[in-house]
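What follows is a single structure, written as structure tokens, with notes after it.
Residue numbers (the numbering used here), protein chains in the order written: chain U, 1 to 436; chain P, 1001 to 1245.
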């Protein structure tokens, strides 16, 4: 298996790889080929691939530089993973300012994709908590970027998809916690409207909100789901136990037949039905709360050799209910949706990132096994709805959006391209800028 | 709290061993050639929990520096409990085998400098009548193979020297561990194609720390290499010489 794939294992790309270990590294000589930093390869589409070019592997630059336990700030090399950060900070009473659904990403990747999490409505993106970083450009210059120095590069690099140069180290703020636990509530809802009401009423008192939504049920059951909200447990809970290593590894590429519309429907029905009561309260460790899928190593292999897509968009609140219902109708009618569908509302906190994805509104992310043309056709139709409502797609999840759609969703792309390092590029970037 | 000397501290295996000791709050002394890299590692070990970190820039090929460096480290960090000799080079067999000069240079790093360091360490620990010396050799020393005999010969020499030293130091209450890592996914092997037998530096480091704690004499890490090498040693030479190992 080619280790240097994206998480969706589509598309394939051929690239040279150069592994870095040290902060004082020079920009690798690539003989005229373009460069792209590669962390742990958790981007789904082609934003972490550089077909015909060179990947600069950063996971060997994985050392901490400074942890200020009093102030709650951490400085580390760009290849440090959130997994390693958590192991260090949780026992000392700190937590990540925000985290995506996997801890197996690097700090450099968190900045480059300006990742978001279940607390976006209160905390904003990861970029909102970045104090500064060093950016190594291909001309050999090193730039200390903060909100006060090299501000333009700072803003371009946050959400800049690794294109502005190599982040060598970064410093960011942590969040104070008393323990490793989350008090959570799960509430069943019956449609998007109820989901939106729950979001609205929970945003103030709940730090983390996210929902699983059934993207298979049609008719009356359409849009049903489970709304989950959580807060860090109160100080009376003492345990600061860190997470365990993953216990299971997906042993092989599953045959494509295994994930068919029947098995997915069965999963969705069981998942919705397992909670009998309208509302359930539990106290859970942060690991299953934030990272349920991290328990299975290489879970992406269940989608088989052809890989899968994740489709994630955000649409504005205004008209969002109608658009979301229409999108759900389209997805359920297509019978292509998978079991991992997540819906959440984004808040208004603005990221410094120039190309940052989150905007106030509703975001939906869901997996689609790669069934070739029929899947791509569905995406085209979904694009039209998202576009019409003023929405956009998340580059970290994308392997196929058209240049036109990208450029419409990210009109600042041309201003951004001024900051792209002349020797850096990616499969994604070449694709979405190939024509206007 | 113990004081651990890591010789060749910027090697991927040594760095992981250092992290393992740092997480338990021990004091670490790092020797290596590149000061900025040693300092990067040192800062990381401090953050991970090391109570103290001392770094010394030293060209390990320069055997004349060994005694003085040891003296300085002991006066700076205090009495040592464990010393781990972990530096080395993996010469490209194809390109060195035609030239004695190039062979000599790798033999010097992988064997002669080990002999010098192990001798200094043996004398030191013998004088304080306690402690552990750890010598990182290799499965490559277990049998001469055409694809890797220059490296293998130096490692075989280092292993034999290590084993002999163990006997000498028994009476002084000093333990000597011979670690034989198998194939490890490190910068040293970056150019090689990785098969199923490759282990991560973390796995190997955990094996090393375990072997030290359990006072093993010789430890293959990961453990399955004991069986692999038993099989490889059992193949009759008339057949083995024709293989491409």
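Cβ atoms here follow ideal geometry from the backbone N, Cα and C, with glycine treated the same way.
- DSSP places residue 1135 of chain P in the uninterrupted beta strand (DSSP E) bounded by 1132-1136.
- Taking a 10 Å sphere around the C-beta of residue 1224 of chain P, we find fewer than 16 other C-beta atoms and assign the residue as exposed.
- Contact residues of the segment 3-37 of chain U toward chain P are 3, 19, 21, 22, 23 and 24 (C-beta to C-beta distance below 9 angstroms).
- Of the other Cβ atoms in all chains shown, 16 or more fall within 10 Å of the Cβ of residue 50 of chain U; this residue is therefore buried.
- Beta-bridge pairing by DSSP links residue 76 of chain U to U:64 and U:170.
- Taking 8 angstroms as the CB threshold, residue 224 of chain U stays off the interface with chain P.
- Note on geometry: alpha-carbon atoms of residue 79 of chain U and residue 110 of chain U lie some 10 angstroms from one another.
- Residues are counted here when their Cβ sits less than 8 angstroms from a Cβ of chain U; for the segment 1035-1049 of chain P these are 1036, 1037, 1040, 1041, 1043, 1044, 1047 and 1048, given in chain order.
- If you check the CB distance, residue 1222 of chain P and residue 1013 of chain P do not come in under 8 angstroms.
- In this structure, residue 382 of chain U lies away from residue 303 of chain U, with their beta-carbon atoms at least 8 angstroms apart.
- Here the segment 265-273 of chain U makes no contact with the segment 127-139 of chain U; the two share fewer than three CB pairs at distances below 8 angstroms.
- Scanning U:201, U:64 and U:404 for the CA closest to the CA of residue 209 of chain U turns up U:201.
- Contacts with chain U at 8 angstroms (Cβ-Cβ) include residue 1190 of chain P.
- In chain order, 19, 21 and 60 make up the part of chain U whose C-beta sits under 9 angstroms from the C-beta of residue 1187 of chain P.
- The segment 66-76 of chain U makes no contact with the segment 6-20 of chain U; the number of CB pairs closer than 8 angstroms stays below 3.
- Residue 367 of chain U: member of the beta strand (DSSP E) spanning 361-369, first to last residue.
- The segment 185-195 of chain U and the segment 384-400 of chain U do not touch, with fewer than three beta-carbon pairs separated by less than 8 angstroms.
- Comparing alpha carbon positions, the residue from U:112, U:69, U:24 and U:215 closest to residue 42 of chain U is U:112.
- Taken atom to atom, the span from the alpha-carbon of residue 1144 of chain P to that of residue 308 of chain U is near 47 angstroms.
- Taking a cut-off of 8 angstroms on C-beta distances, the segment 286-300 of chain U does not touch the segment 15-30 of chain U, as fewer than three cross pairs fall below it.
- If you check each beta-carbon in the segment 80-96 of chain U against every beta-carbon of chain P, the ones closer than 8 angstroms belong to 88.
- Between residue 157 of chain U and residue 424 of chain U, the CB-CB gap reaches or exceeds 8 angstroms.
- Within chain P, no residue has its CB atom less than 8 angstroms from the CB of residue 104 of chain U, the nearest being about 15 angstroms off.
- In this structure, residue 181 of chain U lies near residue 237 of chain U, with their beta-carbon atoms less than 8 angstroms apart.
- Interface criterion met: the Cβ of residue 65 of chain U is under 8 angstroms from a Cβ in chain P.
- The continuous stretches of beta strand (DSSP E) do not include residue 1071 of chain P, which lies in the alpha helix (DSSP H) extending over residues 1066-1077.
- Looking at the DSSP output, residue 37 of chain U sits in a beta bridge with U:56.
- Around the CB of residue 1123 of chain P, fewer than 16 other CB atoms lie within 10 Å, so the residue is classed as exposed.
- Between the alpha carbons of residue 1241 of chain P and residue 1146 of chain P lies a distance of about 8 angstroms.
- Per the DSSP secondary-structure output, residue 1032 of chain P pairs in a beta bridge with P:1057.
- According to the DSSP assignment, residue 312 of chain U belongs to the beta strand (DSSP E) that extends over 308-315.
- Relative to residue 1056 of chain P, the option among P:1099, P:1041 and P:1245 whose CA is nearest is P:1041.
- Just measuring C-alpha positions, the residue of U:13, U:44 and U:178 sitting nearest residue 235 of chain U is U:178.
- Sixteen is the threshold: when 16 or more other Cβ atoms of the shown chains lie within 10 Å of the Cβ of residue 1181 of chain P, as they do, the residue is buried.
- When DSSP states are grouped into helix, strand and coil, residue 1175 of chain P belongs to the strand group.
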